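Chemist: FYI, the numbering for the sequence shown is 189 to 443, going by this note's numbering. C-beta atoms are modelled at their ideal positions from N, C-alpha and C, and glycine is treated no differently. All values reported here derive from a predicted model rather than from experimental measurement.
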Amino acid sequence: MAHALSHEQITQFEKDGYLVFRAMLGPAACEHMLAVAALQLQAALPPLEYEAELGYAGAPASLEAEGGRTVRRLRGAYDRDACFHDWAEDARVVSKLRQLFDEPVCLTLAHHNCVMTKHPQYGTATGWHRDIRYWSFTQPDLICVWLALGDETPDNGGLKFIPGSHRLHIAPEQLDELDFLRPEHPANQAIFAQGKAVELQQGDVVFFHSRLFHAAGVNATPAVKTSVAFAYHGNSNQAVPGSRSAASPDVRLTD
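#1: Assuming the contact rule is C-beta atoms closer than 8 Å, Ala298 and Ser415 should be a hit. Round their C-beta distance to whole Å, please.
#2: Can you check which of these residues, Ala408, Gly246, Val394, Gly422, is closest to Phe482 by C-alpha distance?
#3: Which same chain residues end up closer than 7 Å to Asn376 when comparing Cβ atoms and leaving out the 5 residues on each side of it in sequence?
#4: For His220, report the span of its alpha helix (DSSP H) as first-last.
#5: Among Trp323, Phe349, Pro410, Gln389, which one has its Cα closest to the Cα of Phe209?
#6: Looking only at its own chain, which residues have a Cβ that is under 7 Å from the Cβ of Leu251, when we skip the five neighbours before and after it?
#7: Grab the span of the alpha helix (DSSP H) containing Trp275 for me, first residue to last.
#8: For Asp204, I'd like the list of residues in its chain whose CB is within less than 7 Å of its CB, leaving aside the five on either flank, ordered along the chain.
#9: Give the range of the beta strand (DSSP E) segment to which Ser283 is assigned.
#10: Let me make sure I understand the geometry here. Which of Ile331, Pro437, Pro308, Thr312 has the alpha-carbon closest to that of Asp319?
#11: Using the rule of at least 16 other Cβ atoms within 10 Å of the residue's Cβ for burial, across every protein chain shown, is Gly246 buried or exposed?
#12: In the DSSP assignment, what residue or residues form a beta bridge with Met212?
#13: Measuring only the C-alpha atoms, how far is Ala381 from Ala404?
#14: DSSP state of Glu196, grouped into three classes?
#15: Could you tell me the boundaries of the alpha helix (DSSP H) in which Phe418 lies?
#16: Cα separation between Asn216 and Leu222?
#17: Three-state secondary structure (DSSP) at Ile379?
#18: What is the DSSP secondary structure of His191, reduced to helix, strand or coil?
#19: Alpha carbon to alpha carbon, what distance is there between Tyr420 and Glu291?
#20: Who are the Cβ neighbours of Asp343 in its own chain at under 7 Å, not counting the five residues just before and after it?
#21: Whole angstroms is fine: what's the gap from Ala336's alpha carbon to Tyr310's?
#22: Less than 7 Å between the C-beta atoms of Asn301 and Phe396, yes or no?
#23: Given Gly255, which residues of its chain have a CB within under 6 Å of its CB, disregarding the five upstream and five downstream residues?
#24: Pick out whichever of Val333, Asn425, Thr442, Arg440 has its Cα sitting closest to the Cα of Leu400.
#25: Could you check how far apart the C-beta atoms of Leu262 and Ala276 are, in whole angstroms? I think they sit under 8 Å.
#26: With 16 other CB atoms within 10 Å as the buried threshold, where does Asp274 fall?
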């Protein structure tokens, strides 16, 4: 397999819950995606998610407030343009996922499937959370594939992970009503101390487990940070019927 993971990489993913692949996508392809995303942001091409709709701390109070039309993500990336569709099905991605799942791979269109943007001033921070908090599958074992279309650092709201947290047992009282780790809970302090910023450059890709706690700060730079995120699961791990996860079709992929 030309794009195969090593035994050490598989072991690292199982231990830490994430893997980083440097320069996986070339500059030309990244710049093309950036150009497409910029045009669609300028045109406010739906479906969109706005910061005001999330209600996170520091977000505009409404769509009509100052900064209220700040886009958090371009939804439905798979069907927005061939460049996103082709990346979602890229053999370099699918072959690695095939090894991690140890079975055929499916792309879920119900979750992520988006171009993520973090804007200056109105782009809000995201607390420590697990993606599986609002996904419903027979097993909580999905993987997000996150592509950095530009550099991602703590200064512009880059990702932070708590290595190994996909294996932690978290008591209900450690989480708030949105299933974020409560900053004030004593048991969470030692967990927060293990947080690690993962700096990415254009074309870098990170795979991370749906149970891994991750967060991101605000963008304190003058430029928009742009990423592409898709979520995948093994073929045997199906969405729970009637749930939001089952509301959109899967795409079965072959490597």
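Modeler: The structure says:
#1: That belief does not hold up - the Cβ atoms of Ala298 and Ser415 are roughly 19 Å apart, past 8 Å.
#2: Here the chain has residues from 189 to 443 only, and residue 482 is not among them.
#3: Excluding positions up to five away in sequence, the list reads Gln362, Leu369, Arg370.
#4: 215-230
#5: Gln389
#6: Tyr238, Ala240, Arg257
#7: Following the DSSP letters along the chain, one finds Trp275 inside the alpha helix (DSSP H) bounded by residues 270-276.
#8: Pro351, Gly352
#9: Where Ser283 is concerned, there is no enclosing beta strand (DSSP E), although the alpha helix (DSSP H) it sits in stretches over 279-289.
#10: Ile331
#11: exposed
#12: None; Met212 has no bridge partner.
#13: 15 Å
#14: helix
#15: Taken as a continuous stretch (DSSP letters only), Phe418 belongs to no alpha helix (DSSP H), being part of the beta strand (DSSP E) at 413-422.
#16: Note that residue 216 is Ala in the sequence shown, not Asn. The straight-line gap separating the alpha-carbon atoms of Ala216 and Leu222 is approximately 10 Å.
#17: helix
#18: Reduced to three states, the DSSP call for His191 is coil.
#19: 12 Å
#20: Ala408, Thr409
#21: 20 Å
#22: Cβ atoms of Asn301 and Phe396: not closer than 7 Å.
#23: Result list for Gly255: Pro248, Tyr310, in chain order.
#24: Val333
#25: Leu262 to Ala276, Cβ: 14 Å. No contact.
#26: So Asp274 ends up on the exposed side.
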